[in-house]
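In UniProt numbering, the protein residues as written are 1 to 162. Note that the Cβ used here is the ideal one computed from N, Cα and C, for glycine as well. From a predicted model like this one, the values you see are computed outputs, not experimental measurements. The structure appears right after this line, and notes come after that.
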(Lines of atoms letter the chains of each structure in order from A and count residues from 1; the text may use other names and numbers.)
(Lines give C-alpha, C1' and ligand atoms only; values in the text may rest on other atoms or scores of the structure.)
Protein backbone atom coordinates (compact mmCIF):
# COMPACT_ATOMS: atom_id res chain seq x y z
CA UNK A 1 0.00 0.00 0.00
CA UNK A 2 1.32 3.42 -0.94
CA UNK A 3 1.90 6.20 1.58
CA UNK A 4 -0.73 8.41 -0.10
CA UNK A 5 -3.32 5.66 0.17
CA UNK A 6 -2.47 5.10 3.82
CA UNK A 7 -2.79 8.81 4.58
CA UNK A 8 -6.15 8.89 2.79
CA UNK A 9 -7.41 6.00 4.91
CA UNK A 10 -6.17 7.66 8.11
CA UNK A 11 -7.74 10.98 7.14
CA UNK A 12 -11.08 9.38 6.29
CA UNK A 13 -11.02 7.40 9.53
CA UNK A 14 -10.30 10.51 11.60
CA UNK A 15 -12.99 12.47 9.75
CA UNK A 16 -15.54 9.70 10.30
CA UNK A 17 -14.61 9.43 13.98
CA UNK A 18 -14.99 13.20 14.36
CA UNK A 19 -18.43 13.12 12.73
CA UNK A 20 -19.48 10.23 14.94
CA UNK A 21 -18.20 11.88 18.14
CA UNK A 22 -19.97 15.16 17.33
CA UNK A 23 -23.23 13.37 16.53
CA UNK A 24 -23.09 11.24 19.71
CA UNK A 25 -22.34 14.25 21.93
CA UNK A 26 -25.10 16.31 20.29
CA UNK A 27 -27.58 13.48 20.68
CA UNK A 28 -26.61 13.01 24.34
CA UNK A 29 -27.14 16.71 25.09
CA UNK A 30 -30.38 16.72 23.09
CA UNK A 31 -31.75 13.79 25.10
CA UNK A 32 -30.66 15.33 28.41
CA UNK A 33 -32.21 18.65 27.37
CA UNK A 34 -35.55 17.02 26.64
CA UNK A 35 -35.43 14.97 29.86
CA UNK A 36 -34.46 17.97 32.02
CA UNK A 37 -37.75 19.70 31.23
CA UNK A 38 -39.46 17.04 33.34
CA UNK A 39 -36.96 16.98 36.20
CA UNK A 40 -38.28 17.86 39.65
CA UNK A 41 -37.49 21.32 40.97
CA UNK A 42 -35.84 22.15 44.27
CA UNK A 43 -35.00 25.45 45.94
CA UNK A 44 -31.39 26.49 45.49
CA UNK A 45 -29.17 29.36 46.58
CA UNK A 46 -26.55 31.00 44.37
CA UNK A 47 -23.06 30.89 45.91
CA UNK A 48 -21.20 32.69 43.10
CA UNK A 49 -21.80 33.86 39.56
CA UNK A 50 -19.77 35.60 36.89
CA UNK A 51 -19.44 35.99 33.15
CA UNK A 52 -16.71 33.83 31.69
CA UNK A 53 -14.88 36.04 29.19
CA UNK A 54 -12.91 34.08 26.57
CA UNK A 55 -9.18 34.72 26.41
CA UNK A 56 -8.70 37.63 23.98
CA UNK A 57 -5.55 35.95 22.66
CA UNK A 58 -7.66 33.07 21.38
CA UNK A 59 -10.44 35.11 19.85
CA UNK A 60 -9.94 38.88 19.56
CA UNK A 61 -13.63 39.77 19.46
CA UNK A 62 -15.63 37.04 21.23
CA UNK A 63 -19.28 36.82 20.31
CA UNK A 64 -20.48 34.38 22.97
CA UNK A 65 -19.86 34.24 26.69
CA UNK A 66 -20.65 31.59 29.26
CA UNK A 67 -22.00 31.75 32.79
CA UNK A 68 -19.76 30.57 35.63
CA UNK A 69 -22.06 29.74 38.52
CA UNK A 70 -22.17 27.72 41.72
CA UNK A 71 -25.31 27.06 43.71
CA UNK A 72 -26.28 24.95 46.69
CA UNK A 73 -29.35 22.70 46.70
CA UNK A 74 -30.67 19.83 48.77
CA UNK A 75 -32.22 16.50 47.77
CA UNK A 76 -33.54 14.03 50.35
CA UNK A 77 -31.71 15.85 53.16
CA UNK A 78 -28.34 15.77 51.41
CA UNK A 79 -26.63 18.99 50.25
CA UNK A 80 -25.12 19.34 46.79
CA UNK A 81 -23.29 22.07 44.90
CA UNK A 82 -24.14 22.53 41.23
CA UNK A 83 -22.24 24.48 38.60
CA UNK A 84 -24.32 24.20 35.42
CA UNK A 85 -26.49 27.11 34.40
CA UNK A 86 -27.98 25.18 31.49
CA UNK A 87 -26.92 22.65 28.91
CA UNK A 88 -25.97 25.50 26.63
CA UNK A 89 -24.67 28.53 28.45
CA UNK A 90 -23.37 30.49 25.46
CA UNK A 91 -24.92 33.94 25.47
CA UNK A 92 -24.28 37.36 24.03
CA UNK A 93 -22.40 39.65 26.42
CA UNK A 94 -25.46 41.72 27.39
CA UNK A 95 -27.52 38.57 28.04
CA UNK A 96 -24.74 37.05 30.13
CA UNK A 97 -24.41 40.26 32.18
CA UNK A 98 -28.18 40.31 32.78
CA UNK A 99 -28.19 36.67 33.93
CA UNK A 100 -25.30 37.24 36.33
CA UNK A 101 -26.92 40.43 37.68
CA UNK A 102 -30.13 38.51 38.39
CA UNK A 103 -28.24 35.64 40.06
CA UNK A 104 -25.96 37.39 42.51
CA UNK A 105 -24.65 35.43 45.52
CA UNK A 106 -27.39 34.80 48.07
CA UNK A 107 -30.17 34.79 45.47
CA UNK A 108 -32.71 32.05 46.11
CA UNK A 109 -34.18 30.46 43.01
CA UNK A 110 -35.29 27.12 41.60
CA UNK A 111 -33.06 24.40 40.16
CA UNK A 112 -33.93 21.30 38.15
CA UNK A 113 -32.42 18.06 39.46
CA UNK A 114 -31.97 14.76 37.63
CA UNK A 115 -34.17 12.32 39.59
CA UNK A 116 -31.80 9.44 38.75
CA UNK A 117 -28.62 11.30 39.70
CA UNK A 118 -29.05 14.20 42.14
CA UNK A 119 -25.46 15.32 41.50
CA UNK A 120 -26.71 16.62 38.13
CA UNK A 121 -28.66 19.87 38.28
CA UNK A 122 -29.46 22.78 36.00
CA UNK A 123 -30.83 26.24 36.58
CA UNK A 124 -32.42 26.37 33.12
CA UNK A 125 -33.87 23.13 31.72
CA UNK A 126 -34.00 22.21 28.07
CA UNK A 127 -31.37 22.97 25.50
CA UNK A 128 -32.10 24.61 22.19
CA UNK A 129 -28.34 24.72 21.56
CA UNK A 130 -28.27 20.94 21.72
CA UNK A 131 -30.84 20.81 18.96
CA UNK A 132 -28.70 23.17 16.90
CA UNK A 133 -25.70 20.93 17.53
CA UNK A 134 -27.65 17.92 16.35
CA UNK A 135 -28.67 19.73 13.16
CA UNK A 136 -25.09 20.80 12.55
CA UNK A 137 -23.98 17.18 12.92
CA UNK A 138 -26.67 16.03 10.50
CA UNK A 139 -25.75 18.67 7.92
CA UNK A 140 -22.04 17.90 8.25
CA UNK A 141 -22.75 14.20 7.93
CA UNK A 142 -24.76 14.64 4.73
CA UNK A 143 -22.22 17.03 3.28
CA UNK A 144 -19.41 14.74 4.34
CA UNK A 145 -20.94 11.52 3.01
CA UNK A 146 -20.51 12.41 -0.68
CA UNK A 147 -16.93 13.51 0.00
CA UNK A 148 -16.22 10.27 1.86
CA UNK A 149 -17.83 8.20 -0.91
CA UNK A 150 -15.78 9.97 -3.58
CA UNK A 151 -12.56 9.58 -1.60
CA UNK A 152 -13.37 5.91 -0.95
CA UNK A 153 -14.07 5.34 -4.64
CA UNK A 154 -10.78 6.98 -5.62
CA UNK A 155 -8.93 4.87 -3.06
CA UNK A 156 -10.62 1.73 -4.36
CA UNK A 157 -9.68 2.61 -7.94
CA UNK A 158 -6.07 3.31 -7.01
CA UNK A 159 -5.81 0.03 -5.08
CA UNK A 160 -7.35 -1.84 -8.00
CA UNK A 161 -4.74 -0.39 -10.36
CA UNK A 162 -1.99 -1.38 -7.98
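| query | Exposed or buried, residue 153, counting other C-beta atoms within 10 Å across all chains shown (16 or more means buried)? | reply | exposed
| message | For the alpha helix (DSSP H) containing residue 96, name the first residue and the last one. | response | 93-102
| task | Name the residue from 64, 12 and 126 whose alpha carbon lies nearest to the alpha carbon of residue 167. | result | With the chain covering 1 to 162 only, the question about residue 167 has no answer from this structure.
| said: I need the boundaries of the alpha helix (DSSP H) containing residue 23, first residue and last residue. | reply: 3-36
| task | Within its chain, find whatever has a CB closer than 6 Å to the CB of residue 46; leave out the 5 residues flanking it on each side and keep chain order. | result | Spatial neighbours of residue 46 in its own chain (CB-CB distance under 6 Å, excluding positions within 5 residues in sequence) are listed in chain order as 71, 103, 105 and 107.
| message | I need the DSSP call for residue 84, collapsed to helix, strand or coil. | response | coil
| task | Put residue 43 into one of helix, strand or coil per three-state DSSP. | result | In this structure, residue 43 counts as strand in the three-state DSSP scheme.
| Is it right to say residue 63 is buried, meaning 16 or more other beta carbons lie within 10 angstroms of its own, or is it exposed? | exposed
| query | Between residue 78 and residue 22, what straight-line distance do the alpha-carbon atoms span, to the nearest angstrom? | reply | Pairing residue 78 with residue 22, the inter-Cα distance amounts to about 35 Å.
| query | Looking at the structure shown, is residue 112 part of a helix, part of a strand, or coil, going by DSSP? | reply | strand
| request: With DSSP as the reference, please indicate the residues paired to residue 78 in a beta bridge. | output: 75
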